[in-house]
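Engineer: In the working numbering, the protein residues as written are 539 to 851. Cβ atoms here follow ideal geometry from the backbone N, Cα and C, with glycine treated the same way. Here it is: the structure, laid out below.
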Amino acid sequence: MELFIGRVPVGVGLETLTPLFVPYGASNVRMLDGKHCAFANFDNPADAERAIADLNGYQMGSGPGLNVKPAGLKNAPRAGGSFVEPAKAHTARAAAGTAPVRDEMHPEIFIGRLTPGTSLQEVESMLVPYGAYNVRMLDGKNCAFAAFETWAAAEKAINELHGTPTGGKGGHSEGLNVKFADVKGAQGAPDPKVFIGGIGLQVTDKDIQKACLQFGEVVHSKIFAKNPSQPCAFVTFASFTEAELCINNLNGTEHPQLAQPGKTLVARLADLSKGSKPAPFPAAAPAVFAPVRGYPPTPAPMAAFRGGGGYGG
Numbered sequence: 539m540e541l542f543i544g545r546v547p548v549g550v551g552l553e554t555l556t557p558l559f560v561p562y563g564a565s566n567v568r569m570l571d572g573k574h575c576a577f578a579n580f581d582n583p584a585d586a587e588r589a590i591a592d593l594n595g596y597q598m599g600s601g602p603g604l605n606v607k608p609a610g611l612k613n614a615p616r617a618g619g620s621f622v623e624p625a626k627a628h629t630a631r632a633a634a635g636t637a638p639v640r641d642e643m644h645p646e647i648f649i650g651r652l653t654p655g656t657s658l659q660e661v662e663s664m665l666v667p668y669g670a671y672n673v674r675m676l677d678g679k680n681c682a683f684a685a686f687e688t689w690a691a692a693e694k695a696i697n698e699l700h701g702t703p704t705g706g707k708g709g710h711s712e713g714l715n716v717k718f719a720d721v722k723g724a725q726g727a728p729d730p731k732v733f734i735g736g737i738g739l740q741v742t743d744k745d746i747q748k749a750c751l752q753f754g755e756v757v758h759s760k761i762f763a764k765n766p767s768q769p770c771a772f773v774t775f776a777s778f779t780e781a782e783l784c785i786n787n788l789n790g791t792e793h794p795q796l797a798q799p800g801k802t803l804v805a806r807l808a809d810l811s812k813g814s815k816p817a818p819f820p821a822a823a824p825a826v827f828a829p830v831r832g833y834p835p836t837p838a839p840m841a842a843f844r845g846g847g848g849y850g851g
């Protein structure tokens with residue numbers, strides 16, 4: 539069994555990763571040049587599962603911690619190979635070049651207008667620095683899909699890569715088309731709308747807007763009280779980065795101005811499509827409201843993408 543090890547901090551090498559995984563029975567631990575990820579083999583699947591349970595999220599500095607999970611079963615890399623998608627239910631369909639299967643827990647982006655002949659490795663080299671995983675291409679479609687752990691990371695990739703010039707024969711004059719992938723049942727692009735539950739009966743629209751302005755530009759906010767004893771609010775931000783910042787700071791907190799006495803707020807992305815469940819976020823333990831928390835540094839803008847030849851300087 540092979541494991542993928544992602545989100546390896548800059549500066550961390552095999553001399554650090556190998557001693558971390560070998561006690562679990564790992565062998566052939568290797569890193570991919572410039573990708574901030576690694577792979578390791580396990581003879582015993584039970585040992586691999588134990589490594590996942592113990593080391594997924596393991597902190598090696600600032601940031602969200604290691605991302606440890608099963609590697610893709612098809613085209614698994616050897617030393618010097620390319621990043622592969624994790625082994626989840628979508629592997630077979632993605633490899634077959636059919637419609638991609640969404641990982642409903644995380645945002646996905648669509649990358650279109652790729653230069654004919656662009657390889658998966660070239661697409662990965664463009665997206666992995668932004669935190670992308672499960673990067674896959676559709677056969678003969680000149681497009682790709684990628685999943686992200688956070689909406690903020692996906693949004694940053696979109697903002698910086700959309701319109702990136704493409705070179706080589708067949709390159710498109712408008713550059714890459716990078717956007718959020720369609721959500722089943724939704725019309726148009728998803729909105730950065732946040733649901734806030736557990737608010738007090740005395741809270742007003744003005745209170746909600748004032749509390750949320752510290753996280754970014756509030757496009758619209760409104761309190762709904764279908765059940766008068768359990769009002770909730772919906773707040774639409776100008777970006778997913780701001781919406782996620784709001785969620786990270788309000789969810790699970792006893793906000794002095796917003797929360798019902800003795801209760802904590804529930805903040806999460808609102809429904810992205812009619813009839814779907816709100817996009818889940820990790821449950822936060824109850825905490826006293828704290829100052830705004832930001833995000834770790836993200837990659838600098840990428841250079842122009844040259845289909846068939848990788849990146850230029």
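Could you pull out every unbroken alpha helix (DSSP H) segment of at least 4 residues lying fully inside the segment 651-713, listed in chain order?
Structural biologist: Taking only runs of at least 4 residues, the alpha helix (DSSP H) segments lying wholly in the segment 651-713 are 658-665, 689-699.
Engineer: For K573, which three-state DSSP category applies?
Structural biologist: K573: coil per DSSP, three-state reduction.
Engineer: Given a threshold of 16 other Cβ atoms within 10 Å of its Cβ, counted over all protein chains shown, does A634 qualify as buried or as exposed?
Structural biologist: The predicted position of A634 is uncertain, since its pLDDT is 36 and thus under 50; a value taken from the coordinates is nonetheless stated next. Exposed.
Engineer: Buried or exposed for V560, please, with buried defined as at least 16 other CB atoms from any protein chain shown within 10 angstroms of its CB.
Structural biologist: Answer is exposed; the Cβ neighbour count stays below 16.
Engineer: Any chance you could list the beta strand (DSSP E) runs of at least 3 consecutive residues sitting entirely within the segment 730-804, in chain order?
Structural biologist: Segments of the beta strand (DSSP E) lying fully in the segment 730-804: 731-735, 756-762, 770-775.
Engineer: Among the candidates L788, V721, M675, whose CA atom is the shortest distance from the CA of S657?
Structural biologist: Per the Cα distances, M675.
Engineer: Compare the beta carbon distance of L807 and S767 with 9 Å and say whether it is the shorter of the two.
Structural biologist: Cβ atoms of L807 and S767: not closer than 9 Å.
Engineer: Per DSSP, what kind of secondary structure is P608 in: helix, strand or coil?
Structural biologist: Strand.
Engineer: Among V548, P799, C750, which residue has its Cα nearest to the Cα of S777?
Structural biologist: Checking every option, the nearest Cα to that of S777 belongs to C750.
Engineer: Looking only at its own chain, which residues have a Cβ that is under 6 Å from the Cβ of M539, when we skip the five neighbours before and after it?
Structural biologist: Closer than 6 Å at the Cβ level, and outside the excluded window around M539, lie F580, P583, A586.
Engineer: Between K731 and T774, is the Cβ-Cβ spacing less than 9 Å?
Structural biologist: A contact, by the Cβ cut-off of 9 Å.
Engineer: What is the C-beta distance between C770 and I746, in whole angstroms, given that I count them as a contact (C-beta under 8 Å)?
Structural biologist: Not really, about 10 Å apart at Cβ, beyond 8 Å.
Engineer: Only counting the same chain, and skipping five residues up and downstream in sequence, which positions put a Cβ closer than 6 Å to that of G599?
Structural biologist: The residues are P547.
Engineer: Find the nearest neighbour of A564 within the set A578, G572, L555, judged by alpha-carbon distance.
Structural biologist: It is A578.
Engineer: Can the beta-carbon of V673 be found closer than 9 Å to that of A684?
Structural biologist: In this structure, A684 lies closer than 9 Å to V673 by Cβ.
Engineer: If you compare alpha carbons, which of F772, E780, L788 is closest to D809?
Structural biologist: The residue with the shortest Cα to Cα distance from D809 is F772.
Engineer: Can you tell me which residues form a DSSP beta bridge with R568?
Structural biologist: DSSP lists F577 as partners of R568.
Engineer: Spatial neighbours of S759 within its chain, please: C-beta separation below 8 Å, excluding the five flanking residues on both sides.
Structural biologist: Around S759: D743, I746, Q747, C750, A771, F772, V773, T774.
Engineer: Could you tell me how far apart the beta carbons of A609 and L541 are, in whole angstroms, since I believe they sit closer than 8 Å?
Structural biologist: That pair is a contact at about 6 Å.
Engineer: On the DSSP bridge assignment, give the partners of I543 in chain order.
Structural biologist: Its beta-bridge partners are A576, V606.
Engineer: Using a 10 Å radius around the Cβ and a threshold of 16 neighbouring Cβ atoms, would you call P824 buried or exposed?
Structural biologist: No answer about P824 holds up, because its pLDDT of 40 lies below 50 and its placement is not dependable.
Engineer: Can you tell me which of the three DSSP states A625 falls into?
Structural biologist: Caution applies to A625, whose pLDDT of 32 falls short of 50 and renders its modelled position unreliable; the model cannot decide the point.
Engineer: Assuming L665 and V741 are in contact, meaning their beta carbons sit under 8 Å apart, how far apart are those beta carbons, in whole angstroms?
Structural biologist: Not confirmed; about 41 Å, so no contact.
Engineer: I'd like the span of the beta strand (DSSP E) that includes N715, first residue to last.
Structural biologist: Per DSSP, N715 belongs to the beta strand (DSSP E) from 715-718.
Engineer: For T702, is the classification buried or exposed, using 16 other Cβ atoms within 10 angstroms of its Cβ as the cut-off for buried?
Structural biologist: Buried, since its Cβ has 16 or more Cβ neighbours within 10 Å.
Engineer: What do you reckon, are the CB atoms on V716 and I647 nearer than 9 Å?
Structural biologist: Yes, Cβ-Cβ distance for V716 and I647 is below 9 Å.
Engineer: The alpha helix (DSSP H) with A584 in it runs from where to where?
Structural biologist: 583-593 is the extent of the alpha helix (DSSP H) around A584.
Engineer: Using DSSP with H/G/I as helix, E/B as strand and the rest coil, what is V548?
Structural biologist: Of the three classes helix, strand and coil, the one that applies to V548 here is coil, per DSSP.
Engineer: Take the Cβ of N765 as the centre, count every other Cβ of all protein chains shown within 10 Å, and call the residue buried at 16 or more, exposed below.
Structural biologist: Answer is exposed; the Cβ neighbour count stays below 16.
Engineer: Taking the alpha-carbon positions, what's the T554 to D571 distance?
Structural biologist: When rounded, the distance between both Cα atoms is 16 Å.
Engineer: Leaving out five residues on either side along the sequence, give the residues of the same chain with a beta carbon under 8 Å from the beta carbon of H710.
Structural biologist: Excluding positions up to five away in sequence, the list reads R651, T653, T704.
Engineer: Am I right that E780 and E755 are in contact with their C-beta atoms under 8 Å? What's the rounded C-beta distance?
Structural biologist: Rounded, the Cβ-Cβ distance is 7 Å, consistent with contact.
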